Amino acid sequence: MSATGIRLHAPAPGWSLEADLVVVGSGVAGLTAALRCSAAGLKTVVVTKARLDDGSTRWAQGGIAAALGEGDTPEQHLEDTLVAGAGVCDEEAVRTLVTEGPGAVRRLIETGARFDTGPEGDIALTREGGHHRRRIVHAGGDATGVEVSRALVEAVRAQGIPTVENALVLDLLTDAEGRTAGVSLHVMGEGQHDGVGAVHAPAVVLATGGMGQVFSATTNPSVSTGDGVALALRAGAEVSDLEFVQFHPTVLFLGADAEGQQPLVSEAVRGEGAHLVDADGVRFMVGQHELAELAPRDIVAKGITRRMQEKGAENMYLDGRHFGADMWENRFPTILAACRAHGIDPVTEPIPIAPAAHYASGGVRTDVHGRTTVPGLYACGEVACTGVHGANRLASNSLLEGLVYAERIAADIAARHAENALHARVPAPVTRPRTPAHPLLPPEARFAIQRVMTEGAGVLRSAASLAEAAARLARIHAEAAGALADDGKTAEPGVDTWEATNLLCVARVLVAAAQRREETRGCHWREDHADRDDTAWRRHIVVRLNPDRTLAVDTTATPDFPPTRPSPQEQ
């Protein structure tokens, strides 16, 4: 796949590092890849947008799904994942996940992660939506992500892996043959490295997390601005299934005007027996699905949204009063504290909740080794589309995917390095053009994009709402491009303008894919096409960025992903 030639407008790098590979991101996927590559003897550099322990992983409450319990099997986990994915999962990718998952969790424990145990000392397992068995390992009750992050960060520091913190990665560097040659990045603040620099390496692993900040209300932290997806698109990589954005059904409702990151109320609360009710106390999910409140997330989010429409209400409620104070304090201390901080006591009153943007099931398209369509560029975790999640991620499969596919990426990079396929020297990147190839947006465009996406491409979508969203995004894009064409001016380079520009890029792709998919499937809900259409749409939508900044939107011929590389000789 040829590069687009499009790059963010930024100063030339003033410093550089060399490595065998650079990992971008410090969540479960990024740090696992870094640890495995470093253990294989590869010089590894980790770049992260915030602090090393401040990635999206630390916000995960529920846990990690794996067939570890008595009577549970990978086949049963496979079946639950395929059902949740609504017919468009890549079965090979899912089978890889569920088969290698138990071993990956055990290796995480060997790395130092401490999970909750039962009275006999065995790992405690809980159940979440879409799972027919208890197979979710958790830590600190509802603080699994914090524990996983702690263990991995400590291991990275113990191994002495070089890290560059508070660094926004800008663009992929490529050599004259279009192969990966590293990344450019901007370090925010003073330190060993400051300002724009580069890490030169023949392999780059994108583990940048999600893009939830493209919507007004999300469970994602403020750093989740789709940087990895935007970088990959500019590099010429393919992105798939971006229309499948999962809205978590139970997010603490802080008011209709609340923006930014919202507190999550874990699915594990429903797994332990909490009920979804309306203002009259009616359990409205009963009768809608055999699993009621524990149906897959897209079904629960739709059920909540429908009930809100029927009642003319802005939110519904999660009732766990029957748990009692001890259970809330011991099993869900993080959620209890978050609710009380906002004046709500789950021990004595139902929790007001509403769906909010949570997880991107689509992303940069990869194969089962994490390889993208750009030689030397890998992706894992939420930024990637391995085909595991299909149209709707099964609860607690995300941390597992990060573990399993990070290990597979590390194995592939190590094998290719041993075969000298990654070159004996670091490839020389092509010199960047002097003039900016991509207009930067002013910082305030971020909020305009979020409003457009929430109103037109949120839980409920239609041809009319998506067309309006596409038109408004096009105007934002045209205004910036027009200013650049007229007088060569663009917004001042900086973190705010780079993030806003990345958000516009991923928003345009998401809307284009949602317009193309004229059906309702998984977490993609089209009011004007209410039914699932397997004949026409049991397919994947693949998007590329053209050199003129237009989008190429294609649909695969079958439910299977085409290979990411034409042949081994071209890798």
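Numbering of the sequence shown is given in the working numbering, commencing with residue 76 and proceeding in unit increments.
C-beta: ideal position from N, C-alpha, C; glycine also.
The structure displayed is predicted, hence computed values, not measured ones.
Query, Result
"Might you give, ordered along the chain, the residues of its own chain that have their beta carbon closer than 6 Å to the beta carbon of ARG614, omitting 5 neighbours on each side?", "THR630, THR631"
"Exposed or buried, what is PRO643 when buried is set at 16 or more other beta-carbons lying within 10 Å of its beta-carbon?", "Confidence at PRO643 is low in this model, with a pLDDT of 44, below 50, so its placement is unreliable and the value that follows should be read with caution. Per the 10 Å Cβ criterion, exposed."
"For ALA388, which three-state DSSP category applies?", "coil"
"Compare the beta carbon distance of GLU365 and VAL375 with 9 Å and say whether it is the shorter of the two.", "no"
"Counting only the same chain and skipping the five closest in sequence on each side, list residues whose C-beta sits under 6 Å from that of ALA104.", "ALA282, CYS455, GLY456, GLY477, ALA481"
"Taking 9 Å as the threshold (C-beta atoms), are ALA520 and ALA671 in contact?", "Limits of the chain in this structure are 76 at one end and 646 at the other, which puts residue 671 out of reach."
"PRO427 bridges to which residues according to DSSP?", "TYR392"
"Please give me, in chain order, every unbroken run of the beta strand (DSSP E) with length at least 3 that falls completely inside the stretch 108 to 137.", "119 to 122"
"Which value, in whole angstroms, describes the spacing of the CA atoms of LEU117 and SER91?", "18 Å"
"Specify, as a first and last residue, the run of the alpha helix (DSSP H) that ILE484 falls within.", "472 to 493"
"For ARG601, collect the residues of the same chain with a Cβ closer than 7 Å to its Cβ; drop the 5 residues on either side in sequence, then sort them by chain order.", "ARG536, SER537, GLU593, GLU594, THR595"
"Under a three-way DSSP split, which group does ALA78 fall into?", "coil"
"Report yes if the C-beta distance between VAL471 and HIS207 is below 9 Å; otherwise report no.", "Position check: residue 471 holds Ser in this sequence, whereas Val was assumed. For SER471 and HIS207, no; Cβs fall outside 9 Å."
"According to DSSP, simplified to helix, strand and coil, what is GLU365?", "coil"
"Between which two residues does the beta strand (DSSP E) harbouring PRO324 extend?", "320 to 327"
"Taking Cβ to Cβ, would you say ASP129 is nearer than 9 Å to SER101?", "yes"
"On the criterion of 16 or more Cβ atoms from any shown chain inside 10 Å, does PRO504 qualify as buried, or is it exposed?", "buried"
"Between which two residues does the alpha helix (DSSP H) carrying ASP629 extend?", "Here ASP629 belongs to no alpha helix (DSSP H); instead the beta strand (DSSP E) covers 626 to 630."
"Where does ASP353 fall in DSSP's three states?", "coil"
"Buried or exposed: where does GLU574 fall if 16 or more other Cβ atoms within 10 Å of its Cβ makes it buried?", "buried"
"Who are the near neighbours of GLU389 in its chain, counting only those whose CB is closer than 6 Å to its CB and skipping five residues on each side?", "ALA331"
"Can you tell me which of the three DSSP states ARG640 falls into?", "coil"
"Tell me, please, which residues DSSP counts as bridged to SER315.", "GLY438, VAL617"
"Identify whether ARG601 lies in helix, strand or coil by the three-state DSSP scheme.", "strand"
"Taking ARG446 and THR639 to be in contact with their CB atoms under 8 Å, please state how far apart those CB atoms are, rounded to whole angstroms.", "5 Å"
"Pull up the distance between the alpha-carbon of VAL289 and that of GLN136, whole angstroms please.", "22 Å"
"Within 8 Å, do at least three Cβ pairs link the stretch 159 to 171 to the stretch 182 to 202?", "no"
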